[in-house]
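I have placed the structure first, in the form of structure tokens, so that the comments after it can refer back to it.
Protein chains: 2
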Amino acid sequence: MFRILKKDIKTKARIGLLKTSHFEVTTPNFMPVATQGSVKMISPDELKKIGVEIVVCNTYHLMQRPGTALLKKLGGIHKFMDWDRAILTDSGGFQAYSLSPLRNVDDDGLTFTSHIDGSKIHLTPEKAIEVQRDLGTDIAMCLDFFTPYPSEFIEARIAVERTVNWAKRSLMVKKKPKIFAIVQGATFGELRKDCARRLLELRFPGYGIGGLMIGEPAHLTMEMVNTVNEIIPENKVRYLMGCGYPEDILEAVSLGVDLFDCVLPTRNGRTGMAFTSEGKIIIKSSRYADDDAPLDKNCNCYTCRNFSRAYLRHLFNVGEGLGGRLVSYHNISFYISLMKKIRYHIQKGNYDKFLLKTKASFNFRSGLKKSEFDSVNSKLKLD
Amino acid sequence: MFRILKKDIKTKARIGLLKTSHFEVTTPNFMPVATQGSVKMISPDELKKIGVEIVVCNTYHLMQRPGTALLKKLGGIHKFMDWDRAILTDSGGFQAYSLSPLRNVDDDGLTFTSHIDGSKIHLTPEKAIEVQRDLGTDIAMCLDFFTPYPSEFIEARIAVERTVNWAKRSLMVKKKPKIFAIVQGATFGELRKDCARRLLELRFPGYGIGGLMIGEPAHLTMEMVNTVNEIIPENKVRYLMGCGYPEDILEAVSLGVDLFDCVLPTRNGRTGMAFTSEGKIIIKSSRYADDDAPLDKNCNCYTCRNFSRAYLRHLFNVGEGLGGRLVSYHNISFYISLMKKIRYHIQKGNYDKFLLKTKASFNFRSGLKKSEFDSVNSKLKLD
Numbered sequence: 000m001f002r003i004l005k006k007d008i009k010t011k012a013r014i015g016l017l018k019t020s021h022f023e024v025t026t027p028n029f030m031p032v033a034t035q036g037s038v039k040m041i042s043p044d045e046l047k048k049i050g051v052e053i054v055v056c057n058t059y060h061l062m063q064r065p066g067t068a069l070l071k072k073l074g075g076i077h078k079f080m081d082w083d084r085a086i087l088t089d090s091g092g093f094q095a096y097s098l099s100p101l102r103n104v105d106d107d108g109l110t111f112t113s114h115i116d117g118s119k120i121h122l123t124p125e126k127a128i129e130v131q132r133d134l135g136t137d138i139a140m141c142l143d144f145f146t147p148y149p150s151e152f153i154e155a156r157i158a159v160e161r162t163v164n165w166a167k168r169s170l171m172v173k174k175k176p177k178i179f180a181i182v183q184g185a186t187f188g189e190l191r192k193d194c195a196r197r198l199l200e201l202r203f204p205g206y207g208i209g210g211l212m213i214g215e216p217a218h219l220t221m222e223m224v225n226t227v228n229e230i231i232p233e234n235k236v237r238y239l240m241g242c243g244y245p246e247d248i249l250e251a252v253s254l255g256v257d258l259f260d261c262v263l264p265t266r267n268g269r270t271g272m273a274f275t276s277e278g279k280i281i282i283k284s285s286r287y288a289d290d291d292a293p294l295d296k297n298c299n300c301y302t303c304r305n306f307s308r309a310y311l312r313h314l315f316n317v318g319e320g321l322g323g324r325l326v327s328y329h330n331i332s333f334y335i336s337l338m339k340k341i342r343y344h345i346q347k348g349n350y351d352k353f354l355l356k357t358k359a360s361f362n363f364r365s366g367l368k369k370s371e372f373d374s375v376n377s378k379l380k381l382d
Numbered sequence: 000m001f002r003i004l005k006k007d008i009k010t011k012a013r014i015g016l017l018k019t020s021h022f023e024v025t026t027p028n029f030m031p032v033a034t035q036g037s038v039k040m041i042s043p044d045e046l047k048k049i050g051v052e053i054v055v056c057n058t059y060h061l062m063q064r065p066g067t068a069l070l071k072k073l074g075g076i077h078k079f080m081d082w083d084r085a086i087l088t089d090s091g092g093f094q095a096y097s098l099s100p101l102r103n104v105d106d107d108g109l110t111f112t113s114h115i116d117g118s119k120i121h122l123t124p125e126k127a128i129e130v131q132r133d134l135g136t137d138i139a140m141c142l143d144f145f146t147p148y149p150s151e152f153i154e155a156r157i158a159v160e161r162t163v164n165w166a167k168r169s170l171m172v173k174k175k176p177k178i179f180a181i182v183q184g185a186t187f188g189e190l191r192k193d194c195a196r197r198l199l200e201l202r203f204p205g206y207g208i209g210g211l212m213i214g215e216p217a218h219l220t221m222e223m224v225n226t227v228n229e230i231i232p233e234n235k236v237r238y239l240m241g242c243g244y245p246e247d248i249l250e251a252v253s254l255g256v257d258l259f260d261c262v263l264p265t266r267n268g269r270t271g272m273a274f275t276s277e278g279k280i281i282i283k284s285s286r287y288a289d290d291d292a293p294l295d296k297n298c299n300c301y302t303c304r305n306f307s308r309a310y311l312r313h314l315f316n317v318g319e320g321l322g323g324r325l326v327s328y329h330n331i332s333f334y335i336s337l338m339k340k341i342r343y344h345i346q347k348g349n350y351d352k353f354l355l356k357t358k359a360s361f362n363f364r365s366g367l368k369k370s371e372f373d374s375v376n377s378k379l380k381l382d
């Protein structure tokens with residue numbers, strides 16, 4: 000299922016080929032998020048043109064609307080959203096923890112009220128896999144449990160126990176799809192190692208690294224990633240969940256991570272923030288009002304080939320939706336192109352130099368506020 | 000500039016070729032509206048794929064944002080919005096009358112406060128043409144003056160006088176682009192004839208029929224169109240401004256109209272109303288929740304080739320912007336395809352039969368409320 004094609008010597012970066020029922024995904028790769036069965040504003044046709052090979056869909060949303068039974072009846076999520084490449088689905092847990100107004104978690108699973116219609120939904124580890132199977136996913140994620148940042152050791156310890164138990168139960172499902180387990184353990188190295196070792200015994204083909212990118216300092220994130228990747232052997236896929244800043248992707252790849260996902264390229268694209276080879280651009284700024292240059296002079300995407308910053312600025316300035324669409328398109332192109340460059344330099348054997356040089360030119364994390372994570376963290380209390 | 004390729008025998012329909020500086024437009028044709036330099040949600044690349052040959056841009060909006068001077072400096076509206084086919088611009092008058100909170104009109108022109116920033120703008124017939132020239136339009140429209148429906152004969156009479164005087168003054172502009180005059184006269188046949196005759200003496204290459212589609216009964220619209228087209232000779236382009244219901248387009252073509260424009264395909268598309276060969280579809284309705292069929296089984300556009308009604312319904316139901324984009328795409332395709340069929344049947348010599356059969360199957364005007372026009376009409380008072 001997963002084959003390593005090339006290993007870097009100076010770092011732990013590697014190029015791999017991840018075979019799924021719909022598509023062979025080259026890694027390291029980035030997965031745009033199709034939360035509700037659509038990468039916001041972008042057509043599947045365009046995703047293919049950009050070179051996207053795999054997207055993430057959110058089980059929490061899709062199981063409620065349009066609903067698991069309907070999606071199954073209509074032939075599955077691929078047909079529904081006209082996407083014939085790979086799909087990874089999350090378990091629904093993260094959204095249930097962060098979006099639902101009322102939750103109750105115990106060792107059996109979690110019960111939550113829908114943030115859409117207030118209905119009560121019970122999600123067990125088995126149910127989470129069954130739903131993902133019925134959606135027709137290529138890769139399902141185990142239901143896991145995690146704690147906010149910062150958290151107490153004892154809380155994180157309990158979360159690990161539950162996560163491992165739930166991973167075991169995930170394997171009991173009949174006709175199950177390919178499943179990745181999720182390593183938890185907050186920012187405690189020993190817990191991360193323990194969780195990784197115990198999940199490894201269950202022989203999943205891939206492992207998510209979860210409970211990070213929720214406001215902890217970047218150096219702690221990378222420390223945890225490194226700790227986990229020392230336990231998870233090379234022949235397993237490693238997926239750093241929710242990691243989306245290009246700086247972090249560059250570093251995590253050097254620690255042996257293969258898959259990334261994040262809403263950043265589309266969420267920021269819709270508000271006019273562009274990721275470019277020269278750093279962050281807030282296109283709505285009046286400084287671009289008469290700027291004839293493309294958004295990113297080093298980019299060859301549809302947006303950069305055909306439109307000026309002045310035009311994009313105008314679209315945002317007058318509230319035309321095409322602006323968010325064109326900048327989202329560019330941002331996804333930027334990420335996919337970054338992943339291509341990463342693979343190119345691993346292949347060439349100079350990834351270490353590429354990493355240092357490129358990271359130094361990026362400023363995407365700057366100005367990042369702790370408050371961006373507070374709303375998630377305030378909900379992530381151990382029940 | 001305008002060449003008739005084929006004339007229908009039983010009706011006044013005709014196929015023509017309208018040569019502009021950027022593109023040869025086949026007529027009868029429909030012009031999607033790129034109000035602020037963008038056909039809402041749709042890329043120029045897609046417009047070309049659909050087969051759009053000409054779009055309408057709004058001078059009132061563009062002269063304010065991004066501004067005439069900036070657009071000129073950036074190389075004109077075509078380059079700005081990446082559209083290398085034909086563009087027709089309106090004079091800015093209609094929006095000034097209907098959007099501006101404060102207007103004052105006299106024989107010299109109109110002064111209005113911007114609905115955007117409250118600044119005072121003075122628009123004369125000369126200025127309107129100069130602005131359109133500086134935007135780089137292919138076809139400019141004369142600044143005109145019109146009255147609401149219903150209006151008094153004397154008011155409509157004054158509007159005609161002013162419109163004719165302003166048309167004369169439009170011709171004084173240096174380096175002027177191709178200009179179409181606009182025939183006014185409300186719903187008074189004699190005034191329409193008089194206006195048409197006097198404008199004809201000024202030898203414009205094309206004539207807009209204005210001041211209609213503002214709430215008057217459809218039979219009165221068509222009566223006026225017929226009256227005007229009996230005066231405007233065959234070798235002139237005839238453009239029925241703001242006419243967008245497929246039923247009306249079919250009928251107006253039979254009276255010899257060549258060009259149409261309307262925001263309907265995109266405005267309705269964004270709210271989930273689709274124009275289909277089987278009539279109107281409100282895609283958000285729960286009846287489509289599990290409907291596996293394409294939006295329009297007789298349509299071959301990107302939306303209909305790849306997505307089900309169930310998927311489109313889901314996108315609207317959960318508020319995903321891709322829904323509005325895909326339905327707008329279909330709607331524009333529907334209009335362009337309708338125009339192709341119209342030309343095909345004129346060519347074949349059976350347009351009369353096609354008109355009757357097709358019109359009977361359309362229900363797009365049904366449920367149309369007078370209140371839709373009230374906000375425009377309430378502002379259209381003679382100053």
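Protein sequences, first through last, are from chains V and L.
With numbering that gives the first Met the number 0, letter number 27 in the first sequence gets 26, and the count goes up by one each step, no holes.
With numbering that gives the first Met the number 0, letter number 256 in the second sequence gets 255, and the count goes up by one each step, no holes.
Beta carbons are placed, not taken as given, at the ideal position from N, Cα and C, and that holds for glycine.
>> Using the Cβ count rule (16 or more neighbours within 10 Å means buried), how would you classify Glu277/V?
In response: exposed
>> Under 8 Å, Cβ to Cβ, is there at least one residue of chain L near Asp89/V?
In response: no
>> So, at 6 Å on beta carbons, what are the nonlocal neighbours of Gln63/L in its own chain, with the 5 sequence-adjacent residues on each side left out?
In response: Ser113, Ile115
> Secondary structure at Asp89/L, three-state DSSP: helix, strand or coil?
Replying inline: coil
> For Ala139/L, which three-state DSSP category applies?
Replying inline: strand
> Helix, strand or coil: how does DSSP classify Pro293/V here?
Replying inline: coil
>> For Phe79/L, tell me which candidate among Glu319/V, Gly271/V, Phe306/V has the shortest Cα-Cα distance.
In response: Phe306/V
> So, helix, strand or coil for Leu101/V, using DSSP?
Replying inline: coil
> Is the Cβ-Cβ distance between Val54/V and Pro27/V less than 8 Å?
Replying inline: no
> What did DSSP end up calling Tyr238/L once you bin it into helix, strand or coil?
Replying inline: strand
> Do we get a CB-CB distance below 8 Å when we pair Arg237/V with the residues of chain L?
Replying inline: no
> Going by DSSP, what residues sit across from His121/L in a beta bridge?
Replying inline: Thr110/L
> Hey, out of Phe179/V, Val256/V, Met40/V, Leu101/V, whose CA is closest to Ile3/V's CA?
Replying inline: Val256/V
>> Suppose you measure from the CA of Met221/V to the CA of Ala251/V; what does that come to, to the nearest Å?
In response: 7 Å
>> Using 8 Å for Cβ pairs, my map puts Ile41/V next to Ser284/V. What's the rounded Cβ distance?
In response: 24 Å between Cβ atoms; not a contact.
> Whose Cβ in chain L lies nearer than 8 Å to the Cβ of Phe22/V?
Replying inline: Ordered by position in chain L, no residue passes the 8 Å Cβ test against Phe22/V, which lies about 17 Å from the chain.
>> Once DSSP output is grouped into helix, strand and coil, what is the label at Glu222/L?
In response: helix
> Three or more beta-carbon pairs under 8 Å between the region 202 to 212 of chain L and the region 172 to 186 of chain L, yes or no?
Replying inline: yes
>> Can you check which of these residues, Val227/V, Pro124/V, Pro216/V, Lys167/V, is closest to Gln397/V by C-alpha distance?
In response: No statement about residue 397/V is possible, as the shown extent of chain V runs from 0 to 382 and does not include it.
>> With the cut-off set at 8 Å, would you say Leu294/V and Thr275/V are in Cβ contact?
In response: yes
> Any beta-carbon of chain V closer than 8 Å to the one on Lys380/L?
Replying inline: Annotation note: pLDDT 45 at Lys380/L (below 50); position unreliable, coordinate value reported separately. For Lys380/L, the answer is no, since every Cβ of chain V falls outside 8 Å of its Cβ.
>> For Ile14/V and Thr302/V, I'd like the C-alpha separation in whole angstroms.
In response: 29 Å
> If you check the beta carbons only, do Leu258/V and Tyr287/V fall under 8 Å apart?
Replying inline: no
>> So, under 8 Å CB-CB, Thr265/V and Asn330/V are touching, yes? Tell me the CB distance rounded to an integer number of Å.
In response: 7 Å
> Cα separation between Lys380/L and Lys192/L?
Replying inline: Summary for Lys380/L: the model assigns pLDDT 45, below 50, so the residue's position carries little reliability, and this model does not support an answer.
> At a CB-CB cut-off below 8 Å, which residues of chain V make contact with Asp81/L?
Replying inline: Asn305, Phe306, Tyr310
> In terms of DSSP beta bridges, what is Asp260/V paired with?
Replying inline: Met30/V
> Cα-Cα, which of Leu190/L, Pro147/L, Asp137/L, Arg196/L is closest to Lys174/L?
Replying inline: Asp137/L
>> On the CB-based measure, 16 or more other CB atoms within 10 Å of its CB, does Gln346/L come out buried or exposed?
In response: exposed
> Of all Cβ atoms in chain L, is any one closer than 8 Å to the Cβ of Val55/V?
Replying inline: no
> Which residues does DSSP pair with Leu17/V in a beta bridge?
Replying inline: Phe1/V, Val24/V
> Between which two residues does the alpha helix (DSSP H) harbouring Cys303/V extend?
Replying inline: 301 to 305
> From which residue to which residue does the beta strand (DSSP E) around Phe179/V run?
Replying inline: 177 to 182
>> Going by beta-carbon coordinates alone, are Met171/V and Ser90/V separated by less than 8 Å?
In response: no
> Can we count Tyr238/V as close to the ligand NAD, meaning its CB is less than 7 Å from some heavy atom?
Replying inline: The ligand NAD is not part of the structure shown, which contains no ligands of any sort.
> Would DSSP call Thr10/V helix, strand or coil?
Replying inline: coil
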